[in-house]
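Residue numbers (the working numbering): 34 to 425. Only one structure is covered here, and it is reproduced in the block below.
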């Protein structure tokens with residue numbers, strides 16, 4: 034598996050960057066780092082409601098001579114031995130260096146009794162959060178709410194983000210029909226179209242469905258050749274060794290160099306990968322579960338590498354298996370499962386239906402268990418590795 038994944042990733046070249054307005058950057062991957070051009074906060078300000086003073090002049094009872102509020106700063110230095118009423122976020126008046134919390138004071142008319150306080154107390158200094166020249170957001174970070182808020186606070190209006198990969202999705206098979214059509218005898222709905230498109234979108238790429246291709250070599254060749262204008266091509270079905278499985282031949286005829294053909298895994302053994310011009314081309318199995326497992330293990334890392342995302346690998350953790358499992362040696366098995374945490378340990382319960390056509394096994398799971406190729410038996414309570422699809 035590691036060798037197969039390495040072959041795929043060796044063909045990946047990161048996408049170029051493009052300039053996008055900040056508001057449209059949600060979910061995009063930053064192509065170049067952003068360095069703060071100004072301090073945050075931009076001025077010394079009060080962290081609390083209270084009274085701004087010179088720390089050296091308290092404890093004392095002082096007259097309150099002015100007010101500094103957010104958006105209405107006091108710009109002149111107050112006279113010695115005076116206090117200024119100040120509110121959270123307001124500019125610190127010139128010459129004052131501390132804020133006494135209002136609950137620690139006793140106000141009597143125009144005067145306030147103030148306790149002793151250290152210089153700098155309850156004051157947020159300019160640049161305390163981030164100073165000019167400091168790294169704000171590193172390249173390769175997927176921009177979310179926190180990053181966009183910080184960039185906006187720093188006055189960033191546009192970002193250089195990685196262009197979204199355009200992903201063509203082609204289904205092959207005379208038996209396939211659209212979701213709006215009632216399947217006849219021997220027909221199946223092209224459900225993988227929707228599952229793959231969703232998975233592609235979740236990674237920040239753009240899915241483009243190009244339709245269903247009949248089981249004909251010429252039709253497959255034409256469709257694949259046309260799809261090579263996209264950054265990535267995903268086909269489903271036709272990659273096994275049946276008399277009507279034409280995808281591998283069509284890849285070659287369309288100019289795709291095959292880098293990977295078949296993988297010792299279950300589900301998902303029928304898999305083709307290659308490069309056609311600049312496009313990465315994946316021939317995924319026709320069975321829906323096999324297709325999605327292959328997507329998770331091979332296509333997902335490639336798409337994340339294309340976008341330049343720093344975080345590419347899902348967490349892998351040892352889990353305790355609730356039931357025993359047996360298999361023949363030679364192929365790694367990937368079981369859909371639900372993992373729960375009990376104390377410091379993770380426990381996995383495999384889905385009851387593990388067949389490659391059992392689509393219910395992809396619902397309400399949060400992990401894929403890996404049973405190594407050389408393993409033939411795992412006892413109940415044994416340990417296997419789990420690819421965690423979400424935090425547990």
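Using N, Cα and C, we set each Cβ at its ideal position, and we do this for glycine too. No experiment lies behind these values; they were computed from the predicted model shown.
Which word fits residue i, buried or exposed, when buried means at least 16 other C-beta atoms lie within 10 angstroms of its C-beta?
i	result
residue 383	buried
residue 168	exposed
residue 76	exposed
residue 299	buried
residue 303	buried
residue 108	exposed
residue 323	buried
residue 113	exposed
residue 139	exposed
residue 342	buried
residue 219	exposed
residue 126	buried
residue 212	exposed
residue 375	exposed
residue 195	buried
residue 68	exposed
residue 64	buried
residue 400	buried
residue 309	buried
Can you round the beta-carbon distance between residue i and residue j to whole angstroms, since I take them to be within the 8 Å contact cut?
i	j	result
residue 201	residue 236	Contact flag wrong, Cβ pair sits at about 15 Å.
residue 66	residue 185	Going by Cβ atoms, the distance from residue 66 to residue 185 rounds to 17 Å, so no, they are not a contact pair.
residue 249	residue 279	7 Å
residue 148	residue 124	Rounded, the Cβ-Cβ distance is 24 Å, inconsistent with contact.
residue 256	residue 187	No, residue 256 and residue 187 are not in contact; Cβ-Cβ is about 47 Å, not under 8 Å.
residue 402	residue 377	Actually they are not in contact, since the Cβ atoms of residue 402 and residue 377 sit about 19 Å apart, beyond 8 Å.
residue 258	residue 305	In fact, because the Cβ distance is near 15 Å, the residues do not count as touching under 8 Å.
residue 60	residue 176	7 Å
residue 97	residue 145	6 Å
residue 164	residue 117	Not a contact, Cβ separation roughly 27 Å.
residue 307	residue 329	20 Å between Cβ atoms; not a contact.
Spatial neighbours of residue i within its chain, please: CB distance less than 8 Å, with the 5 preceding and 5 following residues excluded, ordered by chain position.
i	result
residue 409	359, 360, 361, 362
residue 395	228, 321, 322, 325, 369
residue 45	313, 335, 338, 339
residue 90	113, 114
residue 151	88, 131
Might you give, ordered along the chain, the residues of its own chain that have their beta carbon closer than 7 Å to the beta carbon of residue i, omitting 5 neighbours on each side?
i	result
residue 312	261, 263, 264, 265, 266
residue 205	246, 248, 253, 268, 269, 270, 271, 280
residue 411	354, 357, 358, 404, 417
residue 209	221, 223, 245
residue 159	72, 74, 75, 76, 77
residue 332	267, 315
residue 327	301, 304, 317, 318
residue 92	147, 148, 149
residue 225	204, 269, 321, 324
residue 119	79, 83, 84, 85, 101, 132
Quick check: is any heavy atom of the ligand NAD less than 7 Å from the C-beta of residue i?
i	result
residue 201	Ligands displayed in this structure: none; no statement on the ligand NAD is therefore possible.
Find the nearest neighbour of residue i within the set the options, judged by alpha-carbon distance.
i	options	result
residue 121	100, 127, 114	100
residue 70	166, 415, 191	166
residue 373	398, 364, 394	398
residue 193	48, 127, 379	48
residue 87	111, 64, 37, 81	111
residue 366	332, 162, 376, 420	420
residue 349	288, 390, 364, 424	424
residue 207	327, 64, 319, 138	319
residue 178	288, 138, 58, 225	58
residue 413	61, 352, 387	352
residue 290	296, 282, 297	282
residue 95	103, 142, 317	142
residue 407	364, 91, 155	364
residue 40	389, 296, 130, 191	296
residue 174	393, 345, 392	345
residue 190	197, 232, 55, 214	55
residue 137	386, 155, 104	155
residue 199	388, 216, 233, 214	233
residue 422	347, 231, 251	347
residue 38	400, 294, 230, 241	294
residue 62	197, 285, 379	197
residue 379	34, 371, 273	371
Going by beta carbon distance, what residues of the same chain come within less than 6 Å of residue i, once the five residues before and after it are set aside?
i	result
residue 180	170
residue 157	74, 78, 80
residue 135	82, 83
residue 390	320
residue 415	354
For chain C, find out if any of its Cβ atoms is closer than 8 Å to the Cβ of residue i; answer yes or no.
i	result
residue 269	This model lacks chain C altogether, as it is built from one protein chain only.
**Item:** Length-filtered (4 minimum) alpha helix (DSSP H) runs lying within the region 266-341
**Value:** Residue ranges of uninterrupted alpha helix (DSSP H) with 4 or more members, entirely inside the region 266-341 and ordered along the chain, are 280-286, 321-327, 333-340.
**Request:** Write down every uninterrupted run of the beta strand (DSSP E) in the region 338-403 whose length is 3 residues or greater and which is fully enclosed by it, in chain order.
**Result:** Within the region 338-403, the complete beta strand (DSSP E) runs of at least 3 residues are 349-354, 365-375, 378-383.
**Asked** What beta strand (DSSP E) runs, 3 residues minimum, are completely inside the region 99-144?
**Response** Complete beta strand (DSSP E) runs here, min 3: 116-119, 131-134, 139-141.
**Whole beta strand (DSSP E) elements within the region 134-217, 3-residue minimum** = The qualifying runs are 139-141, 144-147, 168-170, 191-195, 199-205.
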